[in-house]
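Take a look at the structure set out below.
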Amino acid sequence: MRQSLMQTFDDIYVLDLHGNSKKKERSPDGSKDENVFDIQQGVAIGIFIKRQKEAGLSKQGNIYHAHLWGQREVYEKAGQEQRLVGGKYHWLTEHDVTTTEWKKLEPAKPFYLFAPQNIHLRAEYESGKKLTEIMLVNVLGFQSHRDVFAISFDEEALRARIEDMRKPYMSDQELVERYNIVSTSSWNIADVRKKLRKEENIPIIPCFYRPLDKRYCCFSELIMDRPRAELKQHMLQPNLSLNVTRQTKAQHWRHAIVANTPTPALFTEIKDGSNVFPLYFYPNYTKRGLFDADEPHDASGGRRPNLLPAFIKDFSTKLSMSFIPDGKGDLQQTFGPEDIFNYIYAVFHSPTYRERYAEFLKIDFPRLPLTSNANLFRPLCSLGDRLVGIHLMEKFGKIVTRYPVPGDDVVVKIDYTSPADTPEQGRVWINKTQYIEGVPPEVWEFYVGGYQVCQKWLKDRKGRKLEFNDIQHYQRMVAALAETIKLMDQIDEVIDEHGGWPIE
């Protein structure tokens, strides 16, 4: 659309008035930024100019951009009256197209953005490999459209729901009311119940439902509208997946998280869909063309990496190492799919990477800079491997939190308090009397994608009693996030030690 507008109009002026409360926008100096209307969405003024032309003449239009930040209105008392002296309304009253300081833009393909970008950084960023140029197959995470029924904290509770659906003496209406089930044009409870009575084995499996939050799901077309064939083919067997968003409206990009189970479409962000990139294909994969059918390999169970041959060849040449089709190499002469996965995971968790390329990461799948320095590749693989283990909750940092006060253990109201003199002893309150102590502010405030992990985990369990395993998991989760923060800093340190940015 933007490309078409550029071809249609001679001059386009975009005055960005900001004021997007959904993005929690602030002025560049940190002061308050307000919307010119009483709405949440940001606002812009667009002026599109088309001049009369001679037949046959055509050229791409000029694009101009300006920002307007700050409060909506600033008043000054003048006697008994208030006089408008500042703010966006005042500025707009005092200026027109000719008196506005415009910046001329050079929108580039494929997005032709009508917003300023750092041209040098963009070229640097785009020299990396887009994730879809590394891993061929990806799919949006599963969608049940009835999570209240299809997802559960408890495996036996989920099995009981399926059995209730099979019971002939329970009416459809009773089940609808009990489990808050909604029939759709493609899913009718009466038809599903008939099919369930004929199906003996309905798969109930563990799944990462939210970051660091594993639950159980009924992974069947009978219960879910879209369990996704790619997930069923490859993520029900030993595997890893990288879960990222293609685009996000979030203020910061932190939308990369590993899983070893199927994951939902809202795994990384409640507003932006989460795409799953499995690391391995298993033999039942139906698409061909990645590898020749008779290509020799010794991978476990005949599985093959979801890595494009051109990428493997390029990276192998850069590192002067041979690629092996499964697992990890020795990182001296060989490297494998899991080494590549760990390298990707480390780079995507670099704080500098996220900040340096922030404006580009929000508009498409992330790009990966490839290093030709094996001495940088090795420690990044190691740090990425540690992060993967922590985020799968298979490895744990040192647990320093305490749950000292006995009570009914029911999550009622979630709050966080932090002593000014000892902030590392912050308390996460689950009710009026009980708390988890020893949660530093930076851990409490840590986000994966759009989720504040420590808060989200408890918020989803509001009204539930926390069992011993729940409390233990939460303490391990706090330890995992604390170590994540340290590892992210170490990733930056390693990159700085080997030449810094851009990675070469």
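The sequence shown begins at 56 in the working numbering and counts up one residue at a time. Think of the CB as a built atom: it goes at the ideal place given N, C-alpha and C, for glycine as much as any other residue.
Looking at the strands, I want to know which residues DSSP matches up with residue i.
| i | result |
| --- | --- |
| glycine 183 | Bridge partners of glycine 183: none, in fact. |
| phenylalanine 332 | Leu297 |
| alanine 212 | In DSSP, alanine 212 forms no bridge with anything. |
| tryptophan 242 | Thr239 |
| tryptophan 484 | Asp470, Tyr490 |
| aspartate 66 | Ile104, Asn117 |
Would you kindly work out how many angstroms separate the C-alpha atoms of residue i and residue j, rounded to a whole number?
| i | j | result |
| --- | --- | --- |
| glycine 344 | isoleucine 244 | Since pLDDT at glycine 344 reaches only 37, below the 50 mark, its modelled position is unreliable, and the value read off the structure follows with that caveat. Going by the C-alpha atoms only, they are around 40 Å apart. |
| proline 165 | isoleucine 206 | 39 Å |
| isoleucine 118 | glutamate 210 | 57 Å |
| arginine 558 | isoleucine 550 | According to the sequence as given, residue 558 is isoleucine; it is not arginine. About 7 Å. |
| glutamine 507 | tryptophan 308 | 13 Å |
| glutamine 388 | glycine 357 | 23 Å |
| threonine 239 | tyrosine 271 | 23 Å |
| tryptophan 242 | arginine 201 | 11 Å |
| leucine 176 | histidine 150 | 32 Å |
| asparagine 298 | serine 329 | 6 Å |
| threonine 426 | lysine 184 | 11 Å |
| phenylalanine 197 | glutamine 137 | 56 Å |
| arginine 409 | methionine 225 | 53 Å |
| threonine 341 | glutamate 179 | Note that threonine 341 scores 47 on pLDDT, short of 50, meaning its location in the model is unreliable; the coordinates nonetheless yield the value given after this. Roughly 37 Å separates the two Cα atoms. |
| threonine 148 | phenylalanine 92 | 16 Å |
| leucine 442 | isoleucine 399 | 11 Å |
| valine 152 | alanine 537 | 51 Å |
| glutamine 527 | serine 371 | 43 Å |
| alanine 99 | glutamine 172 | 17 Å |
| asparagine 397 | proline 421 | 15 Å |
| leucine 72 | asparagine 90 | 7 Å |
| glycine 382 | serine 275 | 30 Å |
| lysine 287 | lysine 159 | 49 Å |
| phenylalanine 378 | leucine 186 | 19 Å |
Quick one: give me the first and last residue of the beta strand (DSSP E) that residue i is part of.
| i | result |
| --- | --- |
| valine 231 | No beta strand (DSSP E) contains valine 231, which is instead part of the alpha helix (DSSP H) from 227 to 234. |
| serine 82 | Run containing serine 82: none; DSSP gives neither H nor E here. |
| isoleucine 367 | First-last for isoleucine 367: 364 to 374, but that is the alpha helix (DSSP H), not the beta strand (DSSP E). |
| isoleucine 104 | 98 to 104 |
| isoleucine 312 | 311 to 314 |
| glutamine 137 | 136 to 141 |
| proline 261 | 259 to 265 |
Let me confirm a value: residue i is counted as buried when at least 16 other C-beta atoms fall within 10 Å, else exposed. Which label applies?
| i | result |
| --- | --- |
| leucine 374 | buried |
| histidine 310 | buried |
| glutamine 391 | One detail in the question is off: residue 391 reads as glycine in this sequence, not glutamine. Buried: at least 16 other Cβ atoms inside 10 Å. |
| glutamate 552 | exposed |
| arginine 403 | Sequence inspection shows phenylalanine at residue 403; the arginine mentioned does not correspond to that position. Buried, since its Cβ has 16 or more Cβ neighbours within 10 Å. |
| glycine 518 | exposed |
| aspartate 268 | buried |
| serine 296 | buried |
| serine 76 | exposed |
| leucine 70 | buried |
| proline 474 | exposed |
| proline 258 | exposed |
| aspartate 216 | For the record, residue 216 in the displayed sequence is arginine; it is not aspartate. Buried is the call here. |
| threonine 323 | buried |
| alanine 320 | buried |
| valine 140 | exposed |
Cβ of residue i versus every heavy atom of the ligand GTP: is any distance shorter than 6 Å?
| i | result |
| --- | --- |
| glutamate 255 | This structure lacks the ligand GTP, and indeed carries no ligand of any kind. |
On the DSSP letters alone, give me the boundaries of the alpha helix (DSSP H) that residue i sits inside.
| i | result |
| --- | --- |
| histidine 528 | 523 to 552 |
| glycine 444 | 429 to 446 |
| isoleucine 418 | No alpha helix (DSSP H) contains isoleucine 418, which DSSP labels as neither H nor E. |
To the nearest whole angstrom, what separates the beta carbons of residue i and residue j, a pair I think is in contact under 8 Å?
| i | j | result |
| --- | --- | --- |
| aspartate 419 | glutamine 302 | 7 Å |
| proline 333 | glycine 504 | Contact doesn't hold; Cβ gap of about 19 Å is too wide. |
| tyrosine 471 | valine 483 | 6 Å |
| leucine 213 | cysteine 273 | 6 Å |
| leucine 438 | alanine 401 | 5 Å |
| valine 192 | glutamate 285 | 6 Å |
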